[in-house]
Amino acid sequence: MHLIQTFMNIAVPPIVLILLILFLPIYQVFKLIIFIKRSICSENVAGKVVLITGAASGIGEQLTYEYAGRGALLALVDINENCLVQVSNKAHSIGSPDSISIVADVSKVEDCERFINEAVKHFGRLDHLVNNAGTARFSKFEDTSQISDHHPVMDINFWGTVNGIHYAIPHLKKSKGKIVVISSVCGWYPLPTLSIYNASKAALISFCETLRTELGPSIGITIVKPGLIKTNLTKSQDTLIPVIPEESAEVCAKAIVSGACRGDLYVTEPAWIRWLFPVKMACPEVIDWCNHLYLLMIEHVSVKRKAAKGKTSGGK
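For the sequence shown, position 82 matches number 85 in the numbering used here, and the numbering has no gaps at all.
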């Protein structure tokens with residue numbers, strides 16, 4: 004057995020490289036043909052029922068307006084009631100024939116069951132489930148005093164999505180609908196100070212890829228991996244350094260809905276970020292070095308900001 008494994012370790016890498024060189028051009032042409040076909044036959048969501056979690060702000064809010072502009076019926080879910088009502092009213096003015104607001108906490112299993120049931124009860128069906136609700140906690144893991152402080156990140160980002168999907172599957176099978184999951188580039192390119200957030204998004208990607216195999220063609224699944232998007236979440240974090248330019252939530256939402264309607268397996272936005280993945284696979288040491296440098300920059304900026312705040316407080 005040891006000799007077989009040794010042989011495989013030597014033989015597999017060159018065989019895979021040769022096959023990639025021969026197969027990749029043909030595969031790219033095939034992907035282009037499929038993309039053109041899907042673009043021409045893109046799904047018309049006018050009159051279809053779309054449920055969006057985390058719809059009161061950020062990417063979720065812009066997804067609401069994008070679906071509304073396409074004439075979709077909307078079930079909007081968020082924990083923030085006031086903002087949710089405002090978004091729902093605006094969705095009406097943009098073009099949604101009907102929308103309902105459902106105040107719910109996706110981290111609670113009973114709330115996930117309730118908002119799926121309320122949407123189906125009101126509209127009679129469900130066509131798209133857009134799992135957008137999410138949160139993040141920015142800190143080095145070693146600085147964490149209580150691990151329980153990070154529990155909401157996993158409860159909202161991972162279990163909040165899993166539970167919603169669980170209750171939606173029977174209805175989506177009837178309509179041959181779609182599941183859209185807003186994960187993150189951090190699911191495969193983990194950034195420092197976001198350890199549990201990175202883990203939650205990586206878990207989402209793995210879960211949805213497995214689910215796609217299990218469900219087969221009965222329900223389409225689009226996994227979205229946004230990069231740095233300009234939202235209230237990123238604005239509120241002093242630890243973030245704008246090394247990479249932010250993309251607007253509106254542009255991101257347009258790309259997500261277009262990809263979902265085409266039936267894309269993945270949507271990475273902005274698109275250029277996907278090219279970091281082969282770099283990470285081929286040169287992991289380089290990525291580790293870049294991340295370490297970024298962490299040093301974060302710590303340096305954090306020290307300067309604290310010093311500046313101290314001087315301001317002293318001056319007062």
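Using N, Cα and C, we set each Cβ at its ideal position, and we do this for glycine too. All of these numbers come straight from a predicted model, not from anything done at the bench.
Just how far apart, CA to CA, sit residue i and residue j?
i: Val21; j: Trp278; result: It should be pointed out that residue 21 corresponds to Ile in this sequence rather than to Val. Approximately 21 Å, taken between the alpha carbons.
i: His154; j: Ile7; result: 44 Å
i: Pro28; j: Leu35; result: 11 Å
i: Ala171; j: Ser178; result: 11 Å
i: Lys233; j: Ile62; result: 9 Å
i: Ala139; j: Met157; result: 9 Å
i: Lys319; j: Gly163; result: Caution is warranted here: a pLDDT of 47 is assigned to Lys319, below 50, making its placement in the model unreliable, and no coordinate value can be reported.
i: Ile119; j: Ile39; result: 33 Å
i: Ser261; j: Cys255; result: 10 Å
i: Ala78; j: Ser45; result: 22 Å
i: Leu132; j: Glu113; result: 17 Å
i: Thr225; j: Trp292; result: 32 Å
i: Ser305; j: Cys189; result: 22 Å
i: Asp152; j: Ser142; result: 11 Å
i: Val183; j: Ser60; result: 17 Å
i: Leu214; j: Lys307; result: 46 Å
i: Thr9; j: Leu175; result: 47 Å
i: Val32; j: Gly180; result: 28 Å
i: Lys124; j: Phe26; result: 49 Å
i: Asn85; j: Val106; result: 10 Å
i: Val88; j: Ser104; result: 6 Å
i: Arg128; j: Glu217; result: 22 Å
i: Tyr269; j: Ile37; result: 14 Å
i: Arg117; j: Lys111; result: 10 Å
i: Tyr30; j: Ala285; result: 20 Å
i: Val19; j: Phe126; result: 50 Å
i: Met4; j: Met11; result: 11 Å
i: Val165; j: Met300; result: 35 Å
i: Pro281; j: Ile24; result: 15 Å
i: Thr196; j: Ala274; result: 24 Å
i: Pro173; j: Ser221; result: 10 Å
i: Pro16; j: Gly219; result: 31 Å
i: Pro287; j: Ala263; result: 31 Å
Give every residue of the same chain whose Cβ lies closer than 7 Å to the Cβ of residue i, excluding the five residues on either side of it in the sequence, and list them in chain order.
i: Ser42; result: Arg265
i: Gly72; result: Ile97 and Gly98
i: Gly167; result: Thr56, Val109, Cys115, Ile119, Leu132 and Asn134
i: Ser186; result: Lys204, Leu207, Ile208, Ile226, Val227 and Lys228
i: Phe161; result: Ser203, Ala206 and Leu207
i: Glu69; result: Ala256, Lys257 and Val260
i: Asn235; result: Ser60 and Gly61
i: Thr67; result: Ile55, Ala58, Leu77, Leu79, Val90 and Ala94
i: Ile199; result: Arg140, His153, Val156 and Met157
i: Phe144; result: Ser198
According to DSSP, what are the bridge partners of residue i?
i: Val106; result: Asp81
i: Gly223; result: Lys181
i: Ile55; result: Leu79 and Val133
i: Glu323; result: The structure shown does not extend to residue 323, since the chain is modelled only from 4 to 319, so the question has no answer here.
i: Glu302; result: Note: Glu302 sits in no beta bridge, so no partner.
i: Ser251; result: Lys233
Quick one: what's got a C-beta closer than 6 Å to residue i's C-beta in the same chain, skipping five residues either side?
i: Glu302; result: none
i: Glu253; result: Gln65
i: Ile82; result: Asp108
i: Lys51; result: Ala75 and Asp130
i: Met101; result: Sequence inspection shows Asp at residue 101; the Met mentioned does not correspond to that position. These residues qualify, in order along the chain: Leu76.
i: Asp267; result: Thr225
i: Leu53; result: Note that residue 53 is Val in the sequence shown here, rather than Leu. Closer than 6 Å at the Cβ level, and outside the excluded window around Val53, lie Tyr70, Ala75, Leu77 and His131.
i: Cys211; result: Val184, Ile224 and Ile226
i: Asn47; result: none
Give me, in chain order, the residues of the same chain whose beta-carbon lies closer than 8 Å to that of residue i; leave out the 5 immediate sequence neighbours on both sides.
i: Leu194; result: Asn201, Asn294 and Tyr297
i: Lys283; result: Trp191, Tyr192 and Ile290
i: His389; result: Past the edges of the chain, shown from 4 to 319, lies residue 389, and the structure says nothing about it.
Between residue i and residue j, how many whole angstroms is the CB-CB distance? I'm expecting something under 8 Å.
i: Ser276; j: Gly230; result: Looking at the sequence provided, one finds Ile at residue 276 rather than Ser. With a Cβ gap of about 4 Å, Ile276 and Gly230 count as contacting.
i: Ala136; j: Ile159; result: 6 Å
i: Ala58; j: Val80; result: 6 Å
i: Glu272; j: Glu249; result: In fact, because the Cβ distance is near 12 Å, the residues do not count as touching under 8 Å.
Would you say residue i lies against chain D (beta-carbon separation less than 8 Å)?
i: Cys264; result: Going by chain labels, chain D is absent from the structure shown, which holds only one protein chain.
Given 8 Å as the limit, is there contact between the region 136 to 151 and the region 92 to 105, that is, 3 or more CB pairs closer than that? Short answer: they don't touch.
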